[in-house]
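Heads up, the sequence shown is in the working numbering, so the first residue is 1333 and it goes up one at a time.
All C-beta atoms in this analysis are idealised placements derived from N, C-alpha and C, irrespective of residue type, glycine included.
Inspection log for the structure reproduced underneath, given as structure tokens.
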Amino acid sequence: MQVEGTQGILQASGFVLDSSSGFGDSYKLDLGNGWLVSAYCSFEGNPFAGKVERNAYKDVDVQLHDMIGTSHLCNTEDALEENLQEIINTLRYNSDDDKILQCPKCNIRYVCSNTPTIGQKWDSYLSCSGMQIVARGQDNGVICDGVSEKLAAVVTY
Ligand SMILES: [Zn+2]
């Protein structure tokens, strides 16, 4: 995915560049309902070895900020262009009434996607964002381990 073409597709849908790092560029879109969509574009190459191609993206991960709910992963510019509006519509639908994004166990926090890295054999899943402490009731001091199956963790285009 060429950076220029990918940027053009994102900007046509209202995304603006939010931040950049040695790993990639992050674009944001305000849904106007209190939620942001982030489009995270990973640079081609190996950032851990300090070798990235800054003129090419490996993929674009479109998700509610901050890594909440389904991760919509586009691997080509065509796939991004064809599916971006539908992805935004889905994310808006899920966040307008955000119950579907809430952890079914604590009903407080949202669920985030967990995806295996290369070599890991487990499937992607959505789990409670609760690497935080539950602050009240009998679960005081317990980290929530809720998992949601209401939405797909990852959809690839
Ligand atoms: Zn939870």
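Of the choices the options, whose alpha-carbon is the least far from that of residue i?
i, options, result
"Arg1365", "Asp1357, Arg1386 and Leu1423", "It should be pointed out that residue 1365 corresponds to Asn in this sequence rather than to Arg. The candidate whose alpha carbon is nearest that of Asn1365 is Leu1423."
"Val1487", "Ala1388, Ile1475 and Cys1406", "Cys1406"
"Met1333", "Val1369, His1404, Ala1388 and Ser1358", "Ala1388"
"Ile1440", "Gly1462, Cys1373, Phe1347 and His1404", "Gly1462"
"Glu1336", "Leu1361, Glu1385, Leu1363 and Thr1449", "Glu1385"
"Met1399", "Leu1412, Lys1383 and Lys1360", "Lys1360"
"Cys1476", "Lys1437, Thr1338, Ile1450 and Tyr1489", "Lys1437"
"Thr1338", "Leu1363, Thr1408, Asp1350 and Asn1415", "Thr1408"
"Asp1429", "Ile1341, Gln1343, Leu1363 and Gly1340", "Leu1363"
Are residue i and residue j closer than 8 Å when you measure CB to CB?
i, j, result
"Gly1478", "Ser1456", "no"
"Ser1374", "Ala1485", "no"
"Val1348", "Gly1401", "no"
"Gly1356", "Tyr1372", "yes"
"Asn1378", "Tyr1489", "no"
Can you tell me whether residue i is buried or exposed, with buried defined as 16 or more other CB within 10 angstroms of its CB?
i, result
"Ala1380", "It is Phe, not Ala, that sits at residue 1380 in the sequence shown. Exposed: under 16 other Cβ atoms inside 10 Å."
"Ser1353", "exposed"
"Asp1393", "buried"
"Asp1410", "exposed"
"Ile1450", "exposed"
"Ser1351", "exposed"
Pull up the CB-CB distance for residue i and residue j, whole angstroms please, since I reckon it's below 8 Å.
i, j, result
"Gln1395", "Ser1358", "About 11 Å separates the two Cβ atoms, so there is no contact after all."
"Trp1367", "Ser1445", "No, Trp1367 and Ser1445 are not in contact; Cβ-Cβ is about 16 Å, not under 8 Å."
"Lys1482", "Ile1420", "That belief does not hold up - the Cβ atoms of Lys1482 and Ile1420 are roughly 20 Å apart, past 8 Å."
"Gln1417", "Ser1345", "7 Å"
"Lys1390", "Glu1376", "5 Å"
Go to residue i, then tell me how far its beta strand (DSSP E) extends in each direction, as first and last residue.
i, result
"Glu1376", "Leu1368 to Asn1378"
"Ile1341", "Run containing Ile1341: none in the beta strand (DSSP E); it sits in the alpha helix (DSSP H), Val1335 to Ala1344."
"Ile1475", "Careful: Ile1475 lies outside any beta strand (DSSP E) and carries neither H nor E."
"Asp1398", "Element bounds for Asp1398: n/a, residue is neither H nor E."
"Asp1455", "First-last for Asp1455: undefined, no H or E at that position."
"Lys1360", "Gly1356 to Asp1362"
"Ser1352", "Val1348 to Ser1352"
"Cys1435", "Element bounds for Cys1435: n/a, residue is neither H nor E."
"Ser1445", "Val1443 to Asn1446"
Considering residue i, what are the terminal residues of the alpha helix (DSSP H) in which it resides?
i, result
"Arg1424", "Glu1409 to Asp1428"
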